Each structure stands twice: as structure tokens, then as C-alpha cells.
Amino acid sequence: MVYDFDTPVVRRGTGCYKWDEAAYDDLIPLWVADMDFATAPAIVEALRKRVEHGVFGYTLVPPSYYEAIQSWFRRRHGWTIERDWIQYTSGVVPALSVLVKAFTQPGDKVIVQTPVYNCFFSSIRNNGCEVLENSLLCEVGDTLRYTIDFADLEQKARDPRAKMLILCNPHNPAGRVWTREELLRIDRICKENDVMVVSDEIHNELTYGGRRYVPYGTVSQMEGCVVCTSPSKSFNTAGLQIANIVCKDPSWRQRIDRAINQNEVCDVNPFGVVALQAAYNEGEPWLDELCSYIHQNYLALCRFLAAELPTLKVAPLEGTYLVWIDIRALGVSSDELARRFLQDAHVQVNSGTMYGHRDGEGFIRLNIACPRSQLMEGLRRMAEVIASPGR
1430 MVYDFDTPVV RRGTGCYKWD EAAYDDLIPL WVADMDFATA PAIVEALRKR VEHGVFGYTL
1490 VPPSYYEAIQ SWFRRRHGWT IERDWIQYTS GVVPALSVLV KAFTQPGDKV IVQTPVYNCF
1550 FSSIRNNGCE VLENSLLCEV GDTLRYTIDF ADLEQKARDP RAKMLILCNP HNPAGRVWTR
1610 EELLRIDRIC KENDVMVVSD EIHNELTYGG RRYVPYGTVS QMEGCVVCTS PSKSFNTAGL
1670 QIANIVCKDP SWRQRIDRAI NQNEVCDVNP FGVVALQAAY NEGEPWLDEL CSYIHQNYLA
1730 LCRFLAAELP TLKVAPLEGT YLVWIDIRAL GVSSDELARR FLQDAHVQVN SGTMYGHRDG
1790 EGFIRLNIAC PRSQLMEGLR RMAEVIASPG R
């Protein structure tokens, strides 16, 4: 490999939320969804040049920014995006809040497919709307397999108060990369019932095992939907705060622009603008090696659990770097096991209840985007805690 993902990068003491939030000096954090890898060298170099300029005032987003986005999605995913469709903002979560504000009224219902990223719930509720859960179907065999309950989705979409579906594509935390056929069924159901689709595609580049991310915009022809993208997960630049809302309808874009300004997320920082262009113009070789490394981490985790903790079941990781693990055979709650891992092993994981209590209880989520030695040490400690229930 050309790039080094094995050598640890010291993040403790840098004001890092993931590492510095806990008091333990030997903490292994497998929770917050950022990576413990340095970003692509091309991004570092572009940022270095920008820092050397020395002035960091309000930023004018240049034409080259939009060209980088258009080129990336066209050549890598076969998705043609018009320049006018792109509206920048500070992050995908602010974008979701903006879209709920722009296209719903307090009291409306917004469909989510649980278990799902926890900020979906807050973006909906903070705008006075009601969460409507379309629980994913969990098939349990040697592994887990999540699929969409389309019959339930149709029923929920027929609710006259249901105005929007927030789709997670690829899905966090279930690890699914939705197929074109699945997305087509979602598109048909939502269009038939006049339910707008907002597709969060922040994990779009992180796919494995031959799975290919399908942009929702290529399925819907950008009708009845808005798509949110960002390089932040794929290139580990979340702190630079840059994301894009892709919308075809000019009248919808006016509503989005008004909500962006109402939410005061219309300004972005110069480093995010520079980093996005470097990522999309020069970062592809690094990204391809990153995905290969993360996939090997996933395979190593599966081998470890099969040998040491065979009662735990793992959802196949088709996309993201977040592994969803069924702990129900242990007879302990998700919150309690996460507490014990942190207190007794100094390993921090996410309790599944964060992603919807009904569908997340009995599961934990692990972030495996870290050097393999760090991951394996975390797993070893976790196994010791499970082997010593009275510890």
C-alpha cells in the first residue's frame, strides 16, 4: 500500500471530542464517527498552502468548488449534477434541519427507518415534527440482514400527515448499501403518496465487497427529492464543516435558501472549501486504499468474534465504517454493556438505544476506522469483560 493506515496518530490532548471526552489515559474510543487516520496527503498539502496565506476571513465559494463536485459524482458514480442544483452549508446535520424546516410544518410527520442515525430524531423534533418509524426488518441467521419493510413503508407513507422520508444511504448503523431496486421501490411509494425524500448520503464513498453506492438522484431523476452529500466521513474532515444540498427544483431551492439563512448556516469556513476541492480532485487513490484497509479491519473483527465471542452476530458491513453487533444472547442491555466496556475495559462504544430504543436495544455500534492494532486491542478488552460478567 502507498498510504500508511497502521501507524497510530496521537489525537489525545488535541481537543479531540472522541479521545479527550473520557478521563481514561488508556481509552480506546470506538464510538464517535470520525476516523483515527490522517486525511489524504493532497488535502493536508492544500490546507497547508491556505494556512500560509495567513488571512482567514469570510469566504467566497469559487466556481472550481462546484466543478470539483460535478466531476467527482459524474466520473465515480455516473451522476450528472447541474451547477445550479448545489447549495453549500456547514454540515449534513444542519442541512437536515434546514430541510425539515423548509418543507414541513409543526405537527407533520417525518418517516425514518430505524435503527438509524440519532441526529435524525433531533432534526425532526427540534422543528416541531413527529418521528414516524418504519422499522427495518432484521433477519437473524449466522449473521444479521437488514431489509426494508415496504408494506409498512406504504402504510406510513399513506398517513396524510407524513410529509417527508429521511433516507440514510448507505445506512448508519445497519451497514446496508441500498440497491437500485430497493431505492426504486422507495421512490415509487413516496411519489405515489406525495412524500418528499431527503437522502443523507454522507457515507457514500465507503462501500465494500463489490457493493456500489447508488445516488438516490440517479433513481428519482431528482424529482421529489433532495440529496445531502459531504466529503467529511470519507476523507475524515468533519471538523472542517462543509456539506452540500443537491436540489433540482428552483422553487424548492428558494425555500432551502431561506431556511439556510433562518438557521444561520449560510457561511462556511475557507478550509472546508479548500479541502473539498483537494479531496474530489486528488484524493481518489487514497480513498480506494482506505476502503480496502477498513474492509480488512471488518474481516479481522469477524474472525475475532467467531473465535472468541461466537454468540454475538454481526450485520454484514456493505457500507460505512460502523459495525452493528447483536448482543442479545448475552442477556444484558445495550446501555449496561456499553457502561461496563467503558468502566471496566476503558473501551467506548455506542449503545444501540441511541438509534431508536425499540430497534436499537440489544445492539452496539463499533467504529472500526482506526489502526488495526487499536481495533484488536479494543476487541480483546471487550472479550475479557464479557468473559467476566461479575467484574
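Convert by adding 1429 to the 1-based position in the sequence shown; the result is the number in my numbering. Where is the CB? At the ideal position from N, CA and C, for every residue including glycine. Only a predicted model underlies this, so the values are computations on that prediction, with no experimental measurement involved.
Cβ-based neighbour list, residue i, same chain, cut-off 6 Å, excluding 5 preceding and 5 following
| i | result |
| --- | --- |
| S1659 | V1521, I1631, A1672 |
| R1640 | V1606, E1747 |
| C1799 | D1465 |
| A1475 | V1703, A1707 |
| R1503 | T1509 |
| F1549 | V1541, I1595 |
| L1566 | T1576, D1578 |
| T1647 | W1508 |
| A1467 | V1438 |
| R1769 | V1814 |
Residues near residue i by beta carbon distance below 7 Å, same chain, minus five either side
| i | result |
| --- | --- |
| E1813 | A1774 |
| M1783 | N1547, G1789 |
| T1749 | P1599, N1601, G1604, H1632, L1635 |
| Q1772 | none |
| G1653 | C1619, K1620, M1625, V1626 |
| N1815 | The displayed chain sequence assigns Ile, not Asn, to residue 1815. Taken in chain order, the residues that qualify are L1738, L1759. |
| A1497 | L1705, Q1706, Y1709, N1710 |
Buried or exposed by the 16-neighbour rule on C-beta atoms within 10 Å, applied to residue i
| i | result |
| --- | --- |
| Q1584 | exposed |
| L1489 | exposed |
| G1777 | The residue you asked about is not Gly; residue 1777 is Gln in the sequence shown. Burial call: buried. |
| H1600 | buried |
| F1485 | exposed |
| L1525 | buried |
| G1430 | The residue you asked about is not Gly; residue 1430 is Met in the sequence shown. With fewer than 16 Cβ atoms within 10 Å of its Cβ, M1430 is classed as exposed. |
| D1465 | buried |
| A1591 | buried |
| Q1542 | buried |
| Y1453 | exposed |
| D1616 | buried |
| K1478 | exposed |
| C1683 | It should be pointed out that residue 1683 corresponds to Gln in this sequence rather than to Cys. Q1683 is exposed by the Cβ-count criterion. |
| V1533 | Correcting the residue identity first, residue 1533 is Thr in this sequence and not Val. Answer is buried; the Cβ neighbour count reaches 16. |
| S1500 | exposed |
| S1551 | exposed |
| V1569 | exposed |
| A1411 | Outside the shown range of the chain (1430 to 1820) lies residue 1411, about which nothing can therefore be said. |
| T1572 | exposed |
| D1717 | exposed |
| P1544 | buried |
Residue i - DSSP class collapsed to helix/strand/coil
| i | result |
| --- | --- |
| G1483 | coil |
| D1623 | coil |
| F1733 | helix |
| T1672 | According to the sequence as given, residue 1672 is Ala; it is not Thr. Reduced to three states, the DSSP call for A1672 is strand. |
| Y1784 | helix |
| Y1546 | coil |
| I1793 | strand |
| Y1432 | coil |
| Y1517 | strand |
| I1510 | coil |
| N1779 | strand |
| P1470 | helix |
| V1390 | The structure shown does not extend to residue 1390, since the chain spans only 1430 to 1820, so no value can be given for it. |
| V1439 | coil |
| V1541 | strand |
| P1800 | coil |
| P1523 | helix |
Heavy atom of the ligand COA within 6 Å of residue i beta-carbon
| i | result |
| --- | --- |
| M1811 | For the ligand COA, the structure offers nothing, since it holds no ligand at all. |
8 Å Cβ shell around residue i - same chain, five flanking residues per side excluded
| i | result |
| --- | --- |
| Y1494 | Y1517, V1702, L1705, Q1706 |
| Q1725 | R1801 |
| I1685 | Q1516, V1527, L1528, A1531, V1655, I1674, C1676 |
| C1720 | E1634, L1635, T1636, Y1637 |
| R1587 | N1622 |
| Q1803 | P1437, I1457, D1465 |
| T1740 | A1758, L1759 |
| I1723 | L1635, Y1637, Y1750, I1797, A1798 |
At least 3 beta-carbon pairs within less than 8 Å: the region 1745-1759 vs the region 1787-1806: A contact exists between the region 1745-1759 and the region 1787-1806.
Segments of 4+ residues assigned as alpha helix (DSSP H) that fall wholly inside the region 1552-1588: Taking only runs of at least 4 residues, the alpha helix (DSSP H) segments lying wholly in the region 1552-1588 are 1579-1586.
Contiguous beta strand (DSSP E) assignments of at least 3 residues, all confined to the region 1740-1773: Listed in chain order, they are 1751-1755.
Sufficient close CB pairs (3 or more, under 8 Å) joining the region 1738-1747 to the region 1633-1651: In short, these stretches touch, since the Cβ pair count reaches three.
Alpha helix (DSSP H) segments (min. 4 residues) lying fully within the region 1585-1661: If only complete runs of 4 or more residues are kept, the region 1585-1661 shows the alpha helix (DSSP H) at 1609-1621, 1645-1649, in order along the chain.
Whole alpha helix (DSSP H) elements within the region 1667-1717, 4-residue minimum: Counting only runs of at least 4 residues, the region 1667-1717 fully encloses the following alpha helix (DSSP H) elements, listed from N- to C-terminal order: 1679-1691, 1699-1711.
Meets three-Cβ-pair contact criterion under 8 Å: the region 1503-1517 and the region 1724-1741: Short answer: they don't touch.
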